[in-house]
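Report on one structure; see the data block that follows.
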Amino acid sequence: NILTGIFVENALKHCRPDAEEMELERQLKKCAELRELELIAEAMDLDGSGNINREEFLAAAQNEELVARFVDVGLDIRNTAMFFDTVGGSVGEEAVLVENFVLQASHLQGVASNS
8 NILTGIFVEN
18 ALKHCRPDAE
28 EMELERQLKK
38 CAELRELELI
48 AEAMDLDGSG
58 NINREEFLAA
68 AQNEELVARF
78 VDVGLDIRNT
88 AMFFDTVGGS
98 VGEEAVLVEN
108 FVLQASHLQG
118 VASNS
């Protein structure tokens, strides 16, 4: 019984992912989410200007597919004006660079944005 216990314990240790593997998986997931945010942002830039303006963002917020993609990466955009102002850097800003949108939105992942 003791030998069986030792064998089972050692087998379980080898089955569990170690800290390095878990960190690698976390980093890979984060990279995939950032890439998805880039794709979402590019889809919102309807005029191809490299900026997302308030009108483009509000239109995107009405698109169920884009809203679902936001949810998939952990972003809640139900309060569209507040979300846009947050990622845009200031209230009343009418456009934000696609790159800045992605960066700022990535900082909001998992944070409730409809407080």
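In terms of this note's numbering, the sequence shown opens at residue 8 and continues consecutively.
By construction, the Cβ of each residue, glycine as well, lies at the ideal position given by its N, Cα and C atoms.
With DSSP as the reference, please indicate the residues paired to residue i in a beta bridge.
i: Ala102; result: Asn60
Starting from residue i, trace the alpha helix (DSSP H) both ways and give me its first and last residue.
i: Val15; result: Ile9 to Cys22
i: Arg76; result: Glu71 to Asp79
Considering only the beta carbon of each residue, do residue i and residue j sit closer than 8 Å?
i: Val105; j: Asp52; result: yes
i: Val109; j: Glu45; result: yes
i: Gln116; j: Glu40; result: yes
i: Ile47; j: Leu73; result: yes
i: Ile84; j: Ala68; result: yes
i: Glu43; j: Val78; result: no
Is DSSP giving residue i helix, strand or coil here?
i: Arg42; result: helix
i: Leu65; result: helix
i: Gln116; result: coil
i: Ile84; result: coil
i: Leu110; result: helix
i: Leu53; result: coil
i: Asp92; result: helix
> Hey, is the region 27 to 36 in contact with the region 70 to 89, meaning 3+ C-beta pairs nearer than 8 Å?
Replying inline: no
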